[in-house]
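A.B. asks: Residue numbers (the numbering used here), protein chains in the order written: chain V, 10 to 300; chain C, 22 to 142.
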Amino acid sequence: MTPVEFDYLRHFLKKKSGLALSADKQYLVESRLLPIARRVGAANLGALVARLREPNSEALAMQVVEAMTTNETFFFRDKIPFEHFRTTMMPALLASRAATKRIRIWCTSASSGQEPYSLAMILKDMGAATAGWRIDILATDLASGVIEKARRGSYSQFEVQRGLPIGLLIKHFTQVGDQWQIAPDIRAMVQYRPLNLLCDFANLGMFDVIFCRNVLIYFDEETKIGVLNRLAQVMAPDGFLALGAAETVVGLTRALKPIPDKRGLYAPDRSAESGVGMMRSGAAKLTLVAG
Amino acid sequence: MKTCLIVDDSSVIRKVARRILEGLSFTIVEAEDGQQALETCRSNMPDAVLLDWNMPVMDGHDFLKALRRLPGGDKPKVVFCTTENDVVHIARALHAGANEYIMKPFDKEIVEAKFQEVGLI
Numbered sequence: 010m011t012p013v014e015f016d017y018l019r020h021f022l023k024k025k026s027g028l029a030l031s032a033d034k035q036y037l038v039e040s041r042l043l044p045i046a047r048r049v050g051a052a053n054l055g056a057l058v059a060r061l062r063e064p065n066s067e068a069l070a071m072q073v074v075e076a077m078t079t080n081e082t083f084f085f086r087d088k089i090p091f092e093h094f095r096t097t098m099m100p101a102l103l104a105s106r107a108a109t110k111r112i113r114i115w116c117t118s119a120s121s122g123q124e125p126y127s128l129a130m131i132l133k134d135m136g137a138a139t140a141g142w143r144i145d146i147l148a149t150d151l152a153s154g155v156i157e158k159a160r161r162g163s164y165s166q167f168e169v170q171r172g173l174p175i176g177l178l179i180k181h182f183t184q185v186g187d188q189w190q191i192a193p194d195i196r197a198m199v200q201y202r203p204l205n206l207l208c209d210f211a212n213l214g215m216f217d218v219i220f221c222r223n224v225l226i227y228f229d230e231e232t233k234i235g236v237l238n239r240l241a242q243v244m245a246p247d248g249f250l251a252l253g254a255a256e257t258v259v260g261l262t263r264a265l266k267p268i269p270d271k272r273g274l275y276a277p278d279r280s281a282e283s284g285v286g287m288m289r290s291g292a293a294k295l296t297l298v299a300g
Numbered sequence: 022m023k024t025c026l027i028v029d030d031s032s033v034i035r036k037v038a039r040r041i042l043e044g045l046s047f048t049i050v051e052a053e054d055g056q057q058a059l060e061t062c063r064s065n066m067p068d069a070v071l072l073d074w075n076m077p078v079m080d081g082h083d084f085l086k087a088l089r090r091l092p093g094g095d096k097p098k099v100v101f102c103t104t105e106n107d108v109v110h111i112a113r114a115l116h117a118g119a120n121e122y123i124m125k126p127f128d129k130e131i132v133e134a135k136f137q138e139v140g141l142i
C-alpha cells in the first residue's frame with residue numbers, strides 16, 4: 010500500500026465512521042482489510058482502494074468500515090457503570106418518572122449485545138420495583154454484523170465467562186449445544202438498529218440514560234465534540250450519560266458535566282444554556298488563533 | 022498475600038493454574054484430590070480454592086460439601102474449574118456452596134474475571 014492509498018483510506022474512514030487513524034496504523038489497516046481484498050478478488054490494497062473510488066461502491070465501503078471497527082465487549086464490562094446504573098441512575102429515575110412510569114435507555118455502541126443485555130438483566134432482577142413500567146432499551150451499532158449477533162442473543166462458552174456471574178448465567182440463559190442462548194424475556198427488552206454516530210440523533214427521541222462507552226477513544230477531538238453535543242441534545246434534563254473509563258466530556262463540551270463522586274457518569278449542564286454553541290465557537294476561536 | 026489451594030488431579034492443569042494465579046499475586050498450595058485438599062484445609066484454611074470436579078479418592082463436589090462443614094470452612098471463596106459445563110452441574114455446585122464456576126478450557130482472562138467477581142482481586 011502506497012502512502013497515497015493509506016492516506017485515502019484514513020480520510021475515507023474518518024468521513025464514513027469518524028475513526029481517526031494515526032499515521033503509524035498502516036499495519037492495522039493491512040491486517041483488517043487484506044481479507045476483504047481477497048474476498049472481493051482485489052489483488053492488493055491498492056486495487057481495493059481503486060474499487061472504493063468507483064461509483065456505486067457503497068456495499069464495499071460498508072464492509073471496509075465494519076472491518077475497521079473494534080467490537081471488543083463483554084458482560085458487565087468495567088462493572089462500575091453498571092453499579093452506577095443500579096444504585097444511582099435507576100433509583101433517581103424511578104422516583105422522578107413515577108408519574109409516567111416510562112424510562113428510555115440507549116446503548117450507542119452495543120457491539121454484540123453484552124452491554125444492553127447486562128442492563129436488561131439488572132432491570133429484570135429489580136423485580137417489583139419496575140413492575141408496570143415501560144423501560145425501552147435501544148441498542149445501536151455501526152456494524153450490522155455484530156447487530157445480527159446481538160439480536161440472536163447466542164454466546165459461546167468463552168463469551169459467557171467474561172464478566173457474567175455464574176448465577177446470572179444459569180438464571181437468564183439456556184444451554185443450546187455449545188452455545189448459551191439468552192432468555193426470550195431479556196432479549197425482548199432490547200431493540201436493535203444500525204446507527205452511525207456521525208449522523209443526526211434527533212429522530213431517536215429523548216433518553217433518560219445513555220451508555221456511550223469505549224467509542225469516543227477512536228475519534229479525533231472534533232468528532233468527539235460533535236457526538237457529545239448531539240448526545241446532550243437528546244438527553245432528558247435530569248438524564249445520565251455513561252462514558253468509558255478513558256473518556257470524558259471535560260474540555261470538550263459545556264453541555265455536559267461530570268457527576269461528582271460517580272466516575273464515568275455525566276449529566277446535562279443546563280447552567281450553560283448555550284453550552285453547545287459556546288464550545289463550537291470556542292473551537293472556532295482556537296482555530297483562528299492557531300491559524 | 023492471599024493463598025489459593027489448587028485442587029486438580031492433572032499436574033498440567035495445576036501447573037497452568039499456578040502460573041496464572043501466581044501472576045495475580047496468590048501464594049499457591051496444591052492438592053491432587055478432594056481428600057488431600059480437605060487435609061490441607063484442616064491444617065491451614067486458604068483464602069481461595071480453585072476446584073476440579075472429577076478426581077479420584079474424593080471428587081470436588083464431595084470436598085466442597087465437607088469443606089463447608091469444617092470450622093472456618095465458610096471462609097474460602099471456592100471457584101469450580103471443570104469440564105462439567107452443563108446447567109445441572111453448575112446448579113449442584115452453587116447449591117453445595119461454590120462461589121463461582123469456570124468451564125474448561127480456561128485462560129488467564131477468565132480466571133481473573135471470576136476471581137474478581139468473588140472479590141478475591
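Glycine is no exception: its CB is placed at the ideal position from the N, C-alpha and C atoms.
Taking all protein chains shown into account, do 16 or more other C-beta atoms lie within 10 angstroms of the C-beta of V:Asn212, making it buried, or fewer, making it exposed?
C.D. replies: Exposed: under 16 other Cβ atoms inside 10 Å.
A.B. asks: Just the C-alpha distance for V:Arg143 and V:Thr232, rounded to the nearest angstrom, thanks.
C.D. replies: Cα-Cα distance, rounded: 33 Å.
A.B. asks: Between V:Val73 and V:Leu61, how many whole angstroms is the CB-CB distance? I'm expecting something under 8 Å.
C.D. replies: Going by Cβ atoms, the distance from V:Val73 to V:Leu61 rounds to 7 Å, so yes, they are a contact pair.
A.B. asks: Just to make sure I have the definition right: I need the residues of chain V whose C-beta is within less than 9 Å of the C-beta of C:Val108. Which are they?
C.D. replies: Leu178, Ile179, Phe182, Thr183, Gln184, listed in chain order.
A.B. asks: Should the segment 102–116 of chain V be called in touch with the segment 173–192 of chain V, which here means at least 3 C-beta pairs below 8 Å?
C.D. replies: No: fewer than three Cβ pairs fall under 8 Å.
A.B. asks: Quick one: list the residues of chain C neighbouring V:Pro174, beta-carbon separation under 7 Å, in chain order.
C.D. replies: Ordered by position in chain C, the residues that pass the 7 Å Cβ test against V:Pro174 are Glu138.
A.B. asks: Comparing the C-beta of C:Glu9 with each C-beta of chain V, is any distance below 7 Å?
C.D. replies: Since the first and last residues shown for chain C are 22 and 142, residue 9 of chain C lies out of range.
A.B. asks: State the DSSP-derived secondary structure class of V:Gln170, mapped to helix, strand or coil.
C.D. replies: In the structure shown, V:Gln170 sits in coil (DSSP, three-state: anything other than H, G, I, E or B).
A.B. asks: In chain order, what residues of the same chain lie with their CB nearer than 6 Å to the CB of V:Arg41, ignoring the 5 residues before and after it?
C.D. replies: These residues qualify, in order along the chain: Ala76, Met77.
A.B. asks: According to DSSP, is V:Leu207 helix, strand or coil?
C.D. replies: Coil at V:Leu207, not helix or strand.
A.B. asks: List the residues of chain C whose Cβ lies closer than 9 Å to the Cβ of V:Arg171, in chain order.
C.D. replies: Per Cβ cutoff of 9 Å: Glu130, Ile131, Ala134.
A.B. asks: Give the single residue among C:Lys36, C:Leu45, C:Asn106, C:Gly94 whose Cα lies nearest to the Cα of C:Glu149.
C.D. replies: Lying before the first or after the last residue shown, residue 149 of chain C is absent from chain C, which here runs from 22 to 142.
A.B. asks: Out of C:Ile41, C:Val50, C:Gly55, C:Tyr122, point me to the one whose CA is closest to C:Thr104's CA.
C.D. replies: It is C:Tyr122.
A.B. asks: Over what stretch of residues does the alpha helix (DSSP H) that includes C:Arg89 continue unbroken?
C.D. replies: Taken as a continuous stretch (DSSP letters only), the alpha helix (DSSP H) holding C:Arg89 covers 81–90.
A.B. asks: Where does V:Ser31 land, buried or exposed, given buried means 16+ other C-beta within 10 angstroms?
C.D. replies: V:Ser31 comes out exposed.
A.B. asks: Check this for me: beta carbons of C:Gly99 and C:Leu85, under 7 Å apart or not?
C.D. replies: Residue identity check: residue 99 of chain C is Val in the sequence provided, not Gly. For C:Val99 and C:Leu85, yes; Cβs fall inside 7 Å.
A.B. asks: Can you name the residues that DSSP bridges to V:Gln190?
C.D. replies: DSSP lists V:Ser163, V:Thr183 as partners of V:Gln190.
A.B. asks: In the structure shown, what three-state DSSP assignment does V:Arg222 receive?
C.D. replies: In this structure, V:Arg222 counts as coil in the three-state DSSP scheme.
A.B. asks: Does V:Phe83 come out as helix, strand or coil in the three-state DSSP assignment?
C.D. replies: If DSSP states are grouped into helix, strand and coil, V:Phe83 belongs with coil.
A.B. asks: According to DSSP, which residues form a beta bridge with V:Asp145?
C.D. replies: In DSSP, V:Asp145 forms a bridge with V:Arg113.
A.B. asks: To the nearest whole angstrom, what separates the beta carbons of V:Ala119 and V:Asp150, a pair I think is in contact under 8 Å?
C.D. replies: Their Cβ separation, rounded to whole angstroms, is 5 Å, which keeps V:Ala119 and V:Asp150 in contact under 8 Å.
A.B. asks: Among C:Ile142, C:Gln137, C:Leu59, C:Met124, which one has its Cα closest to the Cα of V:Gln170?
C.D. replies: Taking only the C-alpha atoms, the option nearest V:Gln170 is C:Met124.
A.B. asks: V:Gln200 bridges to which residues according to DSSP?
C.D. replies: V:Leu147, per the DSSP bridge assignment.
A.B. asks: Hey, does C:Met124 have any beta-carbon neighbour from chain V nearer than 7 Å?
C.D. replies: Yes, contact with chain V.
A.B. asks: Taking only the alpha-carbon atoms, compute the straight-line gap between C:Glu53 and C:Arg35 and give it to the nearest angstrom.
C.D. replies: Taking the straight line joining both Cα atoms gives about 9 Å.
A.B. asks: Can you give me the start and stop residues for the beta strand (DSSP E) that V:Val74 sits inside?
C.D. replies: No beta strand (DSSP E) holds V:Val74; the alpha helix (DSSP H) holding it covers 67–76.
A.B. asks: Label V:Lys24 either buried or exposed according to how many other C-beta atoms from any shown protein chain fall within 10 Å of its C-beta, with 16 as the threshold for buried.
C.D. replies: Classification of V:Lys24: exposed, given that the 10 Å Cβ count is below 16.
A.B. asks: Of all the options C:Leu91, C:Ala58, C:His110, which has the alpha carbon lying nearest to the alpha carbon of V:Leu178?
C.D. replies: Per the Cα distances, C:His110.
A.B. asks: In terms of residues, what are the limits of the beta strand (DSSP E) holding V:Glu92?
C.D. replies: Element bounds for V:Glu92: not the beta strand (DSSP E) but the alpha helix (DSSP H), 89–93.
A.B. asks: Where does C:Asp73 land, buried or exposed, given buried means 16+ other C-beta within 10 angstroms?
C.D. replies: So C:Asp73 counts as buried.
A.B. asks: Give a yes or no on whether 7 Å exceeds the smallest Cβ distance from C:Val37 to chain V.
C.D. replies: Not one chain V Cβ lies under 7 Å of C:Val37.
A.B. asks: Output the residue ranges of the beta strand (DSSP E) runs that lie fully inside the segment 250–286 of chain V and measure 3 residues or longer, sorted by chain position.
C.D. replies: You should have 265–267, 274–277.
A.B. asks: So if DSSP puts C:Tyr122 in a beta bridge, which residue, or which two residues, is it bridged to?
C.D. replies: C:Phe101.
A.B. asks: Round the Cβ separation of V:Val58 and V:Glu14 to the nearest angstrom and send it over; I've been treating them as touching at under 8 Å.
C.D. replies: Going by Cβ atoms, the distance from V:Val58 to V:Glu14 rounds to 5 Å, so yes, they are a contact pair.
A.B. asks: Our contact map puts V:Lys158 next to V:Gly122 with C-beta atoms below 8 Å; I'd like the distance itself, whole angstroms only.
C.D. replies: Between V:Gly122 and V:Lys158 the Cβ distance is about 7 Å, and since that is below 8 Å, they are a contact.
A.B. asks: Consult DSSP for V:Gly50 and reduce its assignment to one of helix, strand or coil.
C.D. replies: In the structure shown, V:Gly50 sits in coil (DSSP, three-state: anything other than H, G, I, E or B).
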